[in-house]
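Some notes on the structure that comes next.
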Amino acid sequence: MKLLLTVLLAGSAASARAAAQFRVVATVPDLADITRRVGGGLVKVDCLARGTEDIHQVVMRPSFVTRLNKADAVVYLGLSVEHAFLPGLLDVARNPRLRQDPDTLGCAGPGCIDCSEGVSALEKPATLSRAEGEIHPQGNPHYNLDPGEGARMARVIAAGLSRLDPEHAADYRKGLQDYLAELEPEVARLRKLAAPLRGLKAVSFHKDTAYLGRFTGLDFIDTLELKPGVAPTPAHLEDLVKEMRSQGVKLIVREQQYNPKVCEWLAEKTGARVAVIGTMAGALPDTDTFLKLGARNIQALLQAAAPARLTGT
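According to our numbering, the sequence shown holds residues 7 to 319 in order.
This is how it looks when you write it as structure tokens:
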């Protein structure tokens, strides 16, 4: 009987700890990973998008509404990148801590943790006309492709958790310090590893590589898409072939969710090589964390760019 009581008490204590976990919904796997590292056992993190999805076309599921309805916080990339799914879900979820923000196409309310806070946004549009394709009015939102942004995102998340759950603020600070101790040396290693890419010219499929270019020094001169979110046309591709030949571009960067055939065609026409990168953690094998995604992408770029580096083109 004494043993049974001990087991029951232990189970009850474990259930109480689980029930007391701070409930967080992250929009993308990168943020889910960082939140778990900072929050440790104090947080229960659910993620909406899958790493293999295109963030502009995330499939919404009924379970998302339930998660958001019960959440204490939502952690999101911001800069309107989740505009296709997050505002609508927040509206349906009716969580007073989390409301849709019609101005930023993100989240409003005390439970919102916007990870774009403090980012130096690139490629802010001069015009907001939809004729220019898919426009993000606050600038390019794909900063998660820059490994150097990891520390800033982690700090924003730690500050948000501490604000919303002040009782455990010291634990979140400790989680942040532990994560940064792992993150920062790895980012420094990747920066050094990427040095041979500096100055090489490249094209990407979608206009989402600005921050990756900033980190690596790659010069992205154009995109296969005619405009952001607008599929490539035969005329644009023929112009791109001429542009790549004239500028000696030997590297094509294809985000994993986009059509491989058109990139292979372009590579055949120009003699370029294709590097396949992931746009979110979990997009490719062995990229289930923010750090692993960054390392995998740098390795893919280096491998594809190797012949260009050797020939000096």
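Backbone N, C-alpha and C define an ideal beta-carbon position, used for all residues, glycine too.
Computed from a predicted model, the values in this text were never measured in an experiment.
- Task: Grab the span of the beta strand (DSSP E) containing Lys-207 for me, first residue to last.
- Result: Counting along the chain, the beta strand (DSSP E) containing Lys-207 begins and ends at 207-210.
- Item | Three CB pairs or more closer than 8 Å across the region 155-170 and the region 235-252 | The region 155-170, when compared against the region 235-252, does not touch it at the 8 Å Cβ threshold.
- Quick one: what does DSSP say Lys-233 is sitting in, helix, strand or coil? Under the three-state reduction of DSSP output, Lys-233 falls in the strand class.
- Compute the distance between the beta-carbons of Leu-307 and Ala-278, then report whether it is under 8 Å. No, the Cβ-Cβ distance between Leu-307 and Ala-278 is not below 8 Å.
- Message: As a quick exercise: from Val-81, Leu-104 and His-142, pick the residue whose alpha carbon is nearest that of Thr-110.
- Response: Looking at the Cα atoms, His-142 is the closest of the given residues.
- Query: Just to confirm, are Gly-112 and Leu-92 a CB contact at a threshold of 8 Å?
  - Reply: Yes.
- Just how far apart, CA to CA, sit Ala-132 and His-174? One C-alpha to the other measures close to 43 Å.
- Thr-239 burial status per 10 Å Cβ neighbour count (16 or more: buried): Flag for Thr-239 reads exposed.
- Message: Buried or exposed, going by whether 16 or more other CB atoms sit within 10 Å of the CB of Glu-231?
- Response: By the neighbour-count rule (16 or more Cβ atoms within 10 Å), Glu-231 is buried.
- Query: Would Thr-285 pass as a contact of Leu-151 if the rule is Cβ separation under 8 Å?
  - Reply: Taking 8 Å as the Cβ cut-off, Thr-285 and Leu-151 qualify as a contacting pair.
- Query: Looking at C-beta atoms only, is the number of pairs between the region 25-43 and the region 82-91 that lie closer than 8 Å three or more?
  - Reply: The way I'd put it, the region 25-43 does touch the region 82-91; three or more beta-carbon pairs between them come closer than 8 Å.
- Query: Is DSSP giving Val-13 helix, strand or coil here?
  - Reply: Here Val-13 scores only 38 on pLDDT, less than 50, and its place in the model should not be relied on; the value that follows carries that caveat. If DSSP states are grouped into helix, strand and coil, Val-13 belongs with the helices.
- Message: Which residue wins for smallest C-alpha separation from Val-64, given the options Arg-197, Val-87 and Arg-43?
- Response: Nearest of Arg-197, Val-87 and Arg-43 to Val-64, Cα basis: Val-87.
- Candidates Val-49, Ile-61, Arg-67 and Glu-192, of which the one nearest Gln-263 by Cα: For Gln-263, the closest C-alpha among the options Val-49, Ile-61, Arg-67 and Glu-192 is that of Ile-61.
- Tyr-149 versus Leu-85 - alpha carbon distance: If I take the Cα positions, the gap works out to 10 Å.
- Item | Beta-carbon separation (whole angstroms), Ala-287 vs Leu-299, contact threshold 8 Å | Sure, about 5 Å apart at Cβ, within 8 Å.
- Query: Where does the unbroken alpha helix (DSSP H) through Phe-70 begin, and where does it stop?
  - Reply: That run of the alpha helix (DSSP H) goes 68-76.
- Query: Does DSSP classify Phe-28 as helix, strand or coil?
  - Reply: In the structure shown, Phe-28 sits in a strand (DSSP, three-state: E or B).
- Task: With a threshold of 16 other CB atoms inside 10 Å of the CB of Arg-43, please say whether the residue is buried or exposed.
- Result: Flag for Arg-43 reads buried.
- Spatial neighbours of Leu-297 within its chain, please: CB distance less than 6 Å, with the 5 preceding and 5 following residues excluded, ordered by chain position. So the qualifying residues of the chain are Glu-192.
- Quick one: grab the DSSP three-state call for Tyr-178. Tyr-178 carries a helical assignment under DSSP once its states are collapsed to helix, strand and coil.
- Given Cys-121 as reference, the closest of Arg-100, Pro-108, Ala-157 and Leu-104 once Cα atoms are compared: The residue among Arg-100, Pro-108, Ala-157 and Leu-104 with its C-alpha nearest the C-alpha of Cys-121 is Ala-157.
- Query: Would a C-beta distance cut-off of 8 Å place Asp-225 and Gly-205 closer than the cut-off?
  - Reply: It is a contact, given that the beta carbons lie within the stated cut-off.
- Give the range of the alpha helix (DSSP H) segment to which Gln-263 is assigned. Here Gln-263 belongs to no alpha helix (DSSP H), and DSSP marks it neither H nor E.
- Query: Tyr-342 bridges to which residues according to DSSP?
  - Reply: The structure shown has nothing for residue 342, since the chain only spans 7 to 319.
- Task: Please classify Ala-224: does DSSP put it in a helix, a strand, or coil?
- Result: Sequence inspection shows Leu at residue 224; the Ala mentioned does not correspond to that position. Residue state, collapsed to three classes: coil.
- Message: Taking the straight line between their C-alpha atoms, what separation do you get for Asp-97 and Ile-40?
- Response: Cα atoms of Asp-97 and Ile-40: separation of roughly 26 Å, rounded to the nearest angstrom.
- Item | Where the alpha helix (DSSP H) through Val-44 begins and ends | Looking at the DSSP string, the run of the alpha helix (DSSP H) that includes Val-44 is 35-45.
- Beta-carbon proximity of Ala-326 to Thr-215, cut-off 8 Å: Because the chain spans 7 through 319 in this model, residue 326 falls outside it and cannot be assessed.
- Message: Please report the straight-line C-alpha distance between Cys-118 and Leu-170, rounded to a whole angstrom.
- Response: Computed Cα separation, rounded: 9 Å.
- Apart from the five residues just before and just after Arg-100, which ones in its own chain have a Cβ nearer than 8 Å to its Cβ? Beyond the five residues adjoining it in sequence on each side, Arg-100 comes within less than 8 Å, by CB distance, of Asn-75 in the same chain, given in chain order.
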